[in-house]
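Undergrad:
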Amino acid sequence: MILKISKLKTHFSTPDGLVRAVDTIDLSIRERETVGLIGETGCGKTVLGLTITRLLQSSTTVKGTIIYKETNLLKISETEMRRIRGDEIAMILQNPTTSLNPVMRVGEQIAEVIRLHQGLNKKDAAEKAIKMLGSVRIPSPSQRANEYPHEFSGGMKQRVMIAMGLACNPSLIIADEPTKGLDVTIKSQIIKLLKEVTKEKAMLLITHDLSVARALCDRIALMYAGELVECAPAGEIFDAPRHPYTRGFLGSLPRNGLVPIPGMSPSLINLPQGCRFHPRCANAKAICKRKHPGMTEIEDGHFVRCFDA
Amino acid sequence: MHYINKLAYYLVIILIILSINFFLPRAMPGDPLAYVLGENPDMPIRMTEEEREMKLAEYGLDKPLPEQYVDYMIKLSKGDLGHSIYYKNPVMDEILIRLKWTLLLTGTATVIYMPLGIFLGAESAWARGKKKDTLSLITILTVSSFPSFVLGTLFVIFFAFKLGLFPLGCANTIGATYANPLEEALDILHHLILPVATLIIAHIGGTYLLMRNSMLSVIGADYILSARAKGLSERYILNRHAIRNALLPIVTMAALTIGFMTVGTIFVEKVFAYPGIGLLLYDSVLRRDYPLIQGIFLFISIFVVLANFIADMAYVWLDPRVSDE
């Protein structure tokens, strides 16, 4: 087990009320395993990623434990956390266009993380950065390293982000929507690349794109309104989904008929009583409105949060 | 190509400015002759019609406007700015004597207030919401909201008149003889401190606020989060990632203020009787000294255009996205 998250809560206080962005999540990632975290926009998946790397504002309330290898990341100092960030745990943020510094050469943006964590001198770090660009299949990397982000296409920028994340050979990668905004051919190239470069690494893949998850993940966790509703090996999620939300999510795929889930996901400030999904659930029963279902293991390694499963 | 285009663009602008410079002073009511005799403009002019005509002809002011305009442009193309009606000297000489004082005054002030404002603004934004930020915000805004002439007057009254720490005005002690250059430099410095302090305080608020706002928008940017995700320290992120991006809007403002600083010092130069371009312009306008007004306007325009040109170049250097457009 490389990462073990237990009873994790991430709450923000806002003028409108308490936002329960991550509300009691248990999730583990094994060595070399890719776990997909899937959910609609605003369900809290990105916040979970930022909570693990402790990149949220200090005013955020975080409870529970995040054990990385042997260390509880929520207990160590900021200085110790900085040593882990970018070195052991790399985060590939969403939107490569805005996540790369527009006035800094691409090579330098990779080299600086190498200098920081591996103590290489300027020249060696620059060379390693070029090598990293080559490893993510960027053509003529030594020339491209001297260019600025605006000279790269969307797909190429995403490759740069991946190279930046992999620069210090991390054990765990958190990739947030790595294929967002890319057209289909570029998307499949990025998927292929991610598959290749993360073969030996653990990865938490945050996405709302099931096709990406299907191509990359060993296990998939469905997130809804701040909590996990189903978590199982990828094959089971696709072949035998048990939670009505998972089924709805799969049904909304184009090849499954583009049937949308009725209603909207609830606000994280005003969560519904009982099961959080019941207002949108076709099978909702009386108990679903009263009681909040727990996560139950219905088969070996297949967890569902539903009274009906 | 980029540079040549820009250069051509600025040449056209200067040409337009020249024309405006010519017509604007002449649009003012009153005429320059009243002051040639050192008279009050409200008093009747004691000159016969003939004397008047003669005088006007001497300065070429008897000709129709279009003809005067052509004359002016032809002379200008030869580098001749004409003669001051009041001082009788070549305009160029009058301006050059005054220019060094203005450059000393504004140059010193700018070199201090610009980096200081940028530094304080960046630090303030990085510590947003904390005591350090609130305190500097309130202090700088309060002090900077005094108009420069009020502040200058207060300085003169308090530091120069009451305490006698500084001279009441001028750029150096009139009629003084110096034993060595160091003594002269110290005398000039002594005269410089109050007006420079006034300018710094009057201008630092703008730079500080702009840098602070610019920095605040940069702090929320994705690439800053990205830099944090790499494990970089806050200080490193501020210096290497944030400042350069936040400086972009500052460059434009800096160019504008530096360009206009030559006139912006009118109030300060007036209050401290500092013999710079601003004071010269003020006097020339009162005296309707057309050639001198035109000459000063020309110098100011060139300064503004030059400052903008430098800003454009600095932009290319600071923001790699600009050079491709």
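Chains as they are written, first to last, in this note's numbering: chain A, 1 to 309; chain B, 1 to 325.
Each residue gets a CB set at the ideal place from its N, CA and C atoms; glycine is no exception.
1. Taking only beta-carbon positions, decide if H326(B) is within less than 7 angstroms of chain A.
2. For S77(A) and I84(A), what's the separation of their Cα atoms in angstroms?
3. Can you give me the start and stop residues for the alpha helix (DSSP H) that C170(B) sits inside?
4. Which same chain residues, not among the five before or five after A328(B), have their C-beta less than 6 angstroms away from its C-beta?
5. On the three-state DSSP scale, how would you describe R20(A)?
6. Are C306(A) and G36(A) touching if we call contact CB-CB under 7 angstroms?
7. Could you give the distance in angstroms between the alpha-carbon of S142(A) and the alpha-carbon of I17(B)?
8. Along chain A, in chain order, which residues have C-beta atoms closer than 7 angstroms to that of A229(B)?
9. Tell me which residues of the region 164 to 184 of chain A have at least one Cβ-Cβ distance to chain B shorter than 7 angstroms, keeping chain order.
10. Under the three-state reduction of DSSP, which class applies to D319(B): helix, strand or coil?
11. So is E325(B) buried or exposed if we call it buried at 16+ other beta carbons inside 10 Å?
12. Suppose the cutoff is 8 angstroms on Cβ atoms and the five residues either side in sequence are ignored; what does the same chain contact list for I266(B) look like?
13. Does S99(A) come within less than 7 angstroms of chain B when only Cβ atoms are used?
14. Excluding sequence positions up to five away, which residues of its chain have a Cβ less than 6 angstroms from the Cβ of A232(A)?
15. One question on the structure: do T262(B) and T102(B) come within less than 7 angstroms of each other, judged by their Cβ atoms?
16. Measure from the C-beta of Y315(B) to each C-beta in chain A and report whether the shortest distance is under 7 angstroms.
17. Is Y148(A) close to chain B? Criterion is C-beta to C-beta, closer than 7 angstroms.
18. Output needed in chain order: residues of the region 110 to 131 of chain A with a Cβ under 8 angstroms from some Cβ in chain B.
19. Check whether chain A comes within 7 angstroms of D80(B), counting only Cβ atoms and requiring the distance to be less than that.
20. Within 7 angstroms (strictly less), CB to CB, does R280(A) reach chain B?
21. Output yes if chain A places a C-beta closer than 7 angstroms to the C-beta of E325(B); else output no.
22. Of all the residues that make up the region 4 to 17 of chain A, which are near chain B by a beta-carbon distance shorter than 8 angstroms?
23. Whole-angstrom Cβ separation of L250(A) and G39(A), contact assumed at under 8 angstroms?
24. Please confirm if the region 65 to 84 of chain B is in contact with the region 106 to 115 of chain B, defined as three or more CB-CB distances below 8 angstroms between the two stretches.
25. Are the beta-carbon atoms of G134(A) and V113(A) separated by less than 7 angstroms?
26. Below 8 angstroms on C-beta distance, what does A221(B) contact in chain A?
27. With 16 as the cutoff for other CB atoms within 10 Å, does A215(A) come out buried or exposed?
28. Put H190(B) into one of helix, strand or coil per three-state DSSP.
29. Could you say which of I258(B), F155(B), T257(B) lies nearest to I193(B) if we only look at CA atoms?
30. Considering only their Cβ atoms, is the gap separating I110(A) from M132(A) smaller than 7 angstroms?
31. May I ask you to report which of helix, strand or coil DSSP gives A232(A)?
32. Skipping 5 residues on each side, what residues in its chain have a beta carbon closer than 7 angstroms to that of I25(A)?
33. Extract the residue ranges of the alpha helix (DSSP H) inside the region 33 to 77 of chain A, only unbroken runs of 4 or more that lie entirely within it.
34. Using 7 angstroms as the limit for Cβ to Cβ distance, is V22(A) near chain B?
35. I need the DSSP call for V103(A), collapsed to helix, strand or coil.
TA: According to the data block:
1. Nothing about residue 326(B) can be reported from this structure: the residues present for chain B run from 1 to 325 only.
2. 11 angstroms
3. Premise fails: C170(B) is in no alpha helix (DSSP H) and is neither H nor E.
4. Residue 328(B) lies beyond the range of chain B shown here (1 to 325); nothing can be said about it.
5. strand
6. no
7. 48 angstroms
8. T53, L55, R85, G86, M91, L93
9. none
10. coil
11. Note that E325(B) has pLDDT 48, beneath the 50 cutoff, so the model's placement of it is unreliable and no number is given.
12. G278, L279, L281, Y282
13. yes
14. H302
15. yes
16. no
17. yes
18. E112, V113, L116, H117
19. no
20. no
21. Low confidence applies here, because E325(B) scores a pLDDT of 48, under 50, leaving its location unreliable; read the following figure in that light. Closer than 7 angstroms: no.
22. none
23. So it is not a contact: roughly 13 angstroms between Cβ atoms.
24. no
25. no
26. T98
27. buried
28. helix
29. F155(B)
30. yes
31. strand
32. I5, L8, L48, E227, L228
33. 45 to 52
34. no
35. coil
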